[in-house]
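Report on one structure; see the data block that follows.
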Amino acid sequence: MSTEHATDDETSTTTNNGKFGDYGGQYVPEALMPAIQELTDAYERYVVNNEDGFMDEFRQRLADFGGRPTPLQRADRLSERYDCEVYLKREDLLHGGAHKLNNALGQVLLAKYMGKDRIIAETGAGQHGTATAMAAAHLDMPCTIYMGERDINRQRPNVFRMKLNGSDVKPVTAGRGTLKEAISETMRDWAASVETTHYVIGSVVGPHPFPVMVRDFHAVISEEMRAQTREQTGGLPDSVVACAGGGSNTMGAFAHFVDDEDVDLVAVEAGGSSLAVDEEAGVAPNSASLSTGDEGVLHGARTKLLQDSFGQIMESHSISSGLDYAGVGPELAHLVDEDRVTPVAVDDDAALEGFHRLSNTEGIIPALETAHAFGYLEDYADELSGTVVVNVSGRGDKDLQAAIEETEARDIPNAPDMSMFSEGI
Amino acid sequence: MADSGQAAETRRSDGAAANSAIAAAFDDGPAFIPYLAVGDPSYEASKEYVEALARGGADVIELGLPFSEPIAEGPTIQGAIVRALEGGMTPELFFEFVEDLAVDVPLVCMTYYNLIYQYSPPDSDGETRRASEASGAAASSGPEQFVARAAAAGIAGLVVPDLPAEEADPLRAACDEYGLDLVFIVAPTTEGDRLESMMERVSGYVYVQARLGTTGAKSDVSDQTDRSLQRLSEWDVPKAVGFGISSGEQAERIVASGADGIIVGSALVDIVADGVDNEWSTAATADKLEAKARELADGASRGRTEPTTDDG
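Structure below.
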């Protein structure tokens, strides 16, 4: 495993001290710098060089506790519908119901190797929070999760799951109470507790080494995807499609294909209700930072951001709280600038259409985040050809209430009659 | 960078006297450096509050330019920033505010890097555009445009809590060009090479973070402060201690333990917040701020004079 992993790192986008072109870096308060440096050192030793067999233990736990490898499944109805070969990478079958465990387990284990005795994390949809809570319980580490108040109300089942696993969930009331505020609040906790605490960041965002480290923990997705596609089709995919908020499942699904120029990489962002921006209100009714954002500095990294003309960060919006973030991972922003990754924005309605399409044709209810990738298939059906691998980043159980309400409020052509749901299930 | 005019054991920071006004503020006795978020809760009230701090004995004033994601601030200053943003504060209004102020102490702007990086002066038609959107060869880097505007408005120095020394060279260069000081924050965890690289780039004063965590008034004075001052003692740049100072007594103790100045933010912002919550008049809040400033300034002065009773 170790040599293979070291090779993987070389084939990924080259980084120079956490820089991807002009993006990345370490824009953090001075109090955090020693922790960031300690983490960089630990990342290089344990993750890159497999010191003390860290990566071996990580892979073993991903298999035993997480259930890896996840299947690659041909989607028969979707293949017929879009007249191409659609394959699904079933990260929804990973323990916890989303890809998030790859990173959470990796980081909590790393914190143990580093001798830290407490875990903190932020969460948006609650998927990273639940994954971190599971990993912390599994590895016997005390854990505190910060979650925006608005997200807590949107994602109650996940809040219960975190608490059942023994984590402390702290509501964040600042701003609109979503992921952006939760990250800021977790950074504040870390600034005070840095000597004993590891911050398990939930996506490929934040200061170096988080973007590369989180990518490496999720890279197992594309590593398996690559081998499984070869095995089942005899070749590489023609395109890989993944939804993108911060970009963790995206980078996980893309990492091992970045150097295969013939494989198209499509990052599907949340187009929300509109790609337009309300400067006056400081609101961007979308989370499409790759498609519409500008370069700036947020949460420790230079990247593409949704911001107003002064550089104040906008409140973003998406029907899925997991994509609802004003920034995006610096490596993904760089790959878009290099024309290696194609960003596509899919709006709330199309995402719901994708949600229902996968649910009623393939018997898989996707997370609303994941549903954006299927909204893309629906919207861009004419452009699909050959083998298309879609990363099913998470399952939709947590989103049932939201999906029912949002569907009922709109005119979604392929949705079932929702009145039976609102009358009580 | 040893300076032949200095004692052998004292090391000189590169930009130590980039702006003589800030250096001079430390010349006669310990400096009292209050902080307020500009525009909290309104432009007009905020102007009176800052002027009250000057009357209360401020030697330098740190003016917060509010950013939407203040990750280094605790709840108190975060609250002030939210009020200021809701009151309509923008970078351009901030500079007008600085030009409007009737105070004669050096002013330091404290803000986050994105606002500096994105800054571009309004077009002739008054439209503000991001530096990254500005077209053509005329588009220079954000840091330089911000520093040029700050210097023109009368700002003497900058503190940028999310800009580590490693990323600071473009801003340091712009500050050198326009004669501004660039203040760095030294944390209790800052040592070795990091301390060196920071002290090579700092000017005006070094902001000594009294304890780990975010800003906020605390009743104890950390012994981390003593250790930080110890580590910095070989450098000749003035050391101002901040984070958690709320009383004249604490100010006195910190100066007595070797600080050249004290920085107070949250304890003052608390007064502004109380004024908002209790609907005090602007004048009443300003009076309380002036009284608190005097208590802190007097405390700082006592810290310098008490150990040397022979010249009292």
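Residue numbers (full-length UniProt numbering), protein chains in the order written: chain A, 1 to 425; chain B, 1 to 312. We put the beta carbon where it would ideally sit given N, CA and C, even for glycine.
- prompt: Could you check where the beta strand (DSSP E) with N153/A kicks off and where it finishes?
  reply: Residue numbering aside, residue 153/A sits at position 153 when the first sequence is read from its first letter. First-last for N153/A: E149 to R154, but that is the alpha helix (DSSP H), not the beta strand (DSSP E).
Exercise. What are the boundary residues of the alpha helix (DSSP H) that N114/B is part of?
Worked result: Residue 114/B sits at position 114 when you count from the first residue of the second sequence. N114/B -> alpha helix (DSSP H) spans Y113 to Q118.
- Message: Quick check for students: name the residue ranges of the alpha helix (DSSP H) that lie wholly in the segment 185-228 of chain A, counting only runs of 4 or more.
- Response: 210-218
message: Taking the alpha helix (DSSP H) that M198/B belongs to, which residues open and close that run?
response: Position 198 of the second sequence, counted from the start, is the residue given in the question as residue 198/B. Element bounds for M198/B: G192 to R201.
Rounded distance between the beta-carbons of S246/B and P30/B, thought under 8 angstroms: Here residue 30/B refers to the residue found at position 30 of the second sequence. Here residue 246/B refers to the residue found at position 246 of the second sequence. So it is not a contact: roughly 17 angstroms between Cβ atoms.
Pick out whichever of E181/A, L105/A, P207/A and G25/A has its Cα sitting closest to the Cα of P75/B. The count along the second sequence starts at 1 and reaches residue 75/B at position 75. Looking at the Cα atoms, E181/A is the closest of the given residues.
Check your understanding: Is the shortest distance between the beta-carbon of I313/A and the beta-carbons of chain B less than 8 angstroms?
Key -> Translated into positions along the first sequence, residue 313/A becomes position 313. With 8 angstroms as the cut-off, I313/A counts as an interface residue toward chain B.
Practice prompt. Report, in whole angstroms, the separation of the C-beta atoms of V183/B and V108/B, which I expect to be a contact under 8 angstroms.
Written response: The residue given as residue 183/B occupies position 183 in the second sequence. The residue given as residue 108/B occupies position 108 in the second sequence. Sure, about 6 angstroms apart at Cβ, within 8 angstroms.
Take F94/B and list the residues in its own chain whose beta-carbon comes closer than 7 angstroms to its own, dropping the five residues that flank it on each side.
-> Here residue 94/B refers to the residue found at position 94 when the second sequence is read from its first residue. Cβ neighbours of F94/B beyond the five flanking positions: V38 and L65.
DSSP three-state assignment for K180/A, whether helix, strand or coil = To locate residue 180/A, count along the first sequence from 1; it is residue 180. Looking at K180/A - three-state DSSP - the assignment turns out to be helix.
Do you know offhand how far G136/B's Cα is from I155/B's?
As a working mapping, residue 136/B is identified with position 136 in the second sequence. As a working mapping, residue 155/B is identified with position 155 in the second sequence. With a pLDDT of 37 at G136/B, under the threshold of 50, the modelled position of this residue cannot be trusted; read the value that follows with caution. Roughly 29 angstroms between the two C-alpha positions.
6 angstroms Cβ shell around D168/A - same chain, five flanking residues per side excluded = The sequence position of residue 168/A within the first sequence is 168, counting from 1. So the list reads T144, once near-sequence residues are dropped.
In this structure, how does DSSP classify V108/A when only helix, strand and coil are distinguished? Working through the first sequence from its first residue, we reach residue 108/A at position 108. Three-state DSSP puts V108/A in a helix.
*Can you list the alpha helix (DSSP H) stretches of 4 or more residues lying completely in the segment 295-357 of chain A, in chain order?*
330-337
Residue range of the alpha helix (DSSP H) that includes M134/A: Taking the first sequence and counting its residues from 1, the one referred to as residue 134/A is at position 134. Counting along the chain, the alpha helix (DSSP H) containing M134/A begins and ends at Q127 to H138.
**Asked** Which class does C84/A belong to by DSSP, given the choice of helix, strand or coil?
**Response** As a working mapping, residue 84/A is identified with position 84 in the first sequence. C84/A: coil per DSSP, three-state reduction.
Quiz prompt | C-beta atoms of V98/B and A58/B nearer than 8 angstroms | solution = Position 98 of the second sequence, counting from 1, holds the residue named residue 98/B. Position 58 of the second sequence, counting from 1, holds the residue named residue 58/B. Contact: no.
Give every residue of the same chain whose Cβ lies closer than 8 angstroms to the Cβ of S79/A, excluding the five residues on either side of it in the sequence, and list them in chain order. Position 79 of the first sequence, counted from the first residue, corresponds to residue 79/A. Same-chain partners within the cutoff: E85 and V86.
Quiz item: Around the C-beta of T250/A, are 16 or more other C-beta atoms found within 10 angstroms, so that it is buried, or is it exposed?
Solution: Locating residue 250/A in the first sequence gives position 250, counting from the first residue. Buried is the call here.
Task: Interface residues of the segment 240-274 of chain B facing chain A [CB-CB below 8 angstroms] - done: none
Practice task
Please confirm whether P122/B and E96/B have their CB atoms less than 8 angstroms apart.
Solution key: Here residue 122/B corresponds to residue number 122 of the second sequence, with the count starting at 1. Here residue 96/B corresponds to residue number 96 of the second sequence, with the count starting at 1. Taking 8 angstroms as the Cβ cut-off, P122/B and E96/B do not qualify as a contacting pair.
### Message
So, at 8 angstroms on beta carbons, what are the nonlocal neighbours of E51/B in its own chain, with the 5 sequence-adjacent residues on each side left out?
### Response
Position 51 of the second sequence holds residue 51/B. Contacts found: L101, A102, V103 and A286.
Check: So with Cβ pairs under 8 angstroms, would you call A134/B a contact of chain A?
Finding: Residue numbering aside, residue 134/B sits at position 134 when the second sequence is read from its first letter. In this predicted model, A134/B has a pLDDT of only 44, less than 50, meaning its place in the structure is not dependable; the value taken from the coordinates is given anyway. Answer no: the Cβ-Cβ gap between A134/B and chain A never drops below 8 angstroms.
A187/B at chain A interface by Cβ criterion, 8 angstroms: Working through the second sequence from its first residue, we reach residue 187/B at position 187. It does; some Cβ of chain A falls within 8 angstroms.
Taking Cβ-Cβ distances shorter than 9 angstroms, what residues in chain D pair up with D226/B? Looking at the structure shown, chain D is missing, and the protein chains on hand are A and B.
Secondary structure at S239/A, three-state DSSP: helix, strand or coil? Position 239 of the first sequence, counted from the first residue, corresponds to residue 239/A. In this structure, S239/A counts as strand in the three-state DSSP scheme.
Exercise. For chain B, find out if any of its Cβ atoms is closer than 8 angstroms to the Cβ of Y27/A; answer yes or no.
Key: Start at 1 with the first residue of the first sequence, and residue 27/A comes out as number 27. Yes, contact with chain B.
Problem - Proximal residues of chain A, C-beta to C-beta of F67/B below 9 angstroms - result: The sequence position of residue 67/B within the second sequence is 67, counting from 1. Here the neighbours are G311, Q312 and I313.
- Are at least three pairs of beta-carbons, each pair with one atom in the segment 294-308 of chain A and one in the segment 230-245 of chain A, less than 8 angstroms apart? no
Checklist entry - What does a CB cutoff of less than 6 angstroms around F65/A pick up in its chain, not counting 5 residues either side in sequence? => result On the first sequence, residue 65/A is found 65 positions in, with the first residue counted as 1. So the list reads H138, once near-sequence residues are dropped.
**Prompt:** Helix or strand or just coil, what does DSSP make of F146/B?
**Reply:** Numbered from its first residue, the second sequence carries residue 146/B at position 146. F146/B falls in the helix class under three-state DSSP.
Examine chain B for any beta-carbon lying closer than 8 angstroms to the beta-carbon of A301/A, and answer yes or no. In the first sequence, residue 301/A corresponds to position 301, counting from 1. A301/A does not count as touching chain B.
Point to revise | Between the CA atoms of D56/A and E4/A - distance to the nearest angstrom | key: Taking the first sequence and counting its residues from 1, one reaches residue 4/A at position 4. Taking the first sequence and counting its residues from 1, one reaches residue 56/A at position 56. Model confidence at E4/A stands at a pLDDT of 40, short of 50, so the residue's coordinates are unreliable; what they give is reported in the following sentence. One C-alpha to the other measures close to 11 angstroms.
- Item | Nonlocal neighbours in the same chain, by C-beta distance under 6 angstroms from S197/B, ignoring five residues either side | On the second sequence, residue 197/B is found 197 positions in, with the first residue counted as 1. Excluding residues within five positions, the ones whose Cβ falls inside 6 angstroms are A165.
**Request:** State yes or no: is the C-beta of D339/A nearer than 7 angstroms to some heavy atom of the ligand MN?
**Result:** No copy of the ligand MN appears in this structure; indeed no ligand is present at all.
- Message: Let me see if you follow: with CB-CB separation under 8 angstroms, is E30/A close to chain B or not?
- Response: The residue you call residue 30/A lines up with position 30 of the first sequence. Yes, because at least one Cβ of chain B sits closer than 8 angstroms to the Cβ of E30/A.
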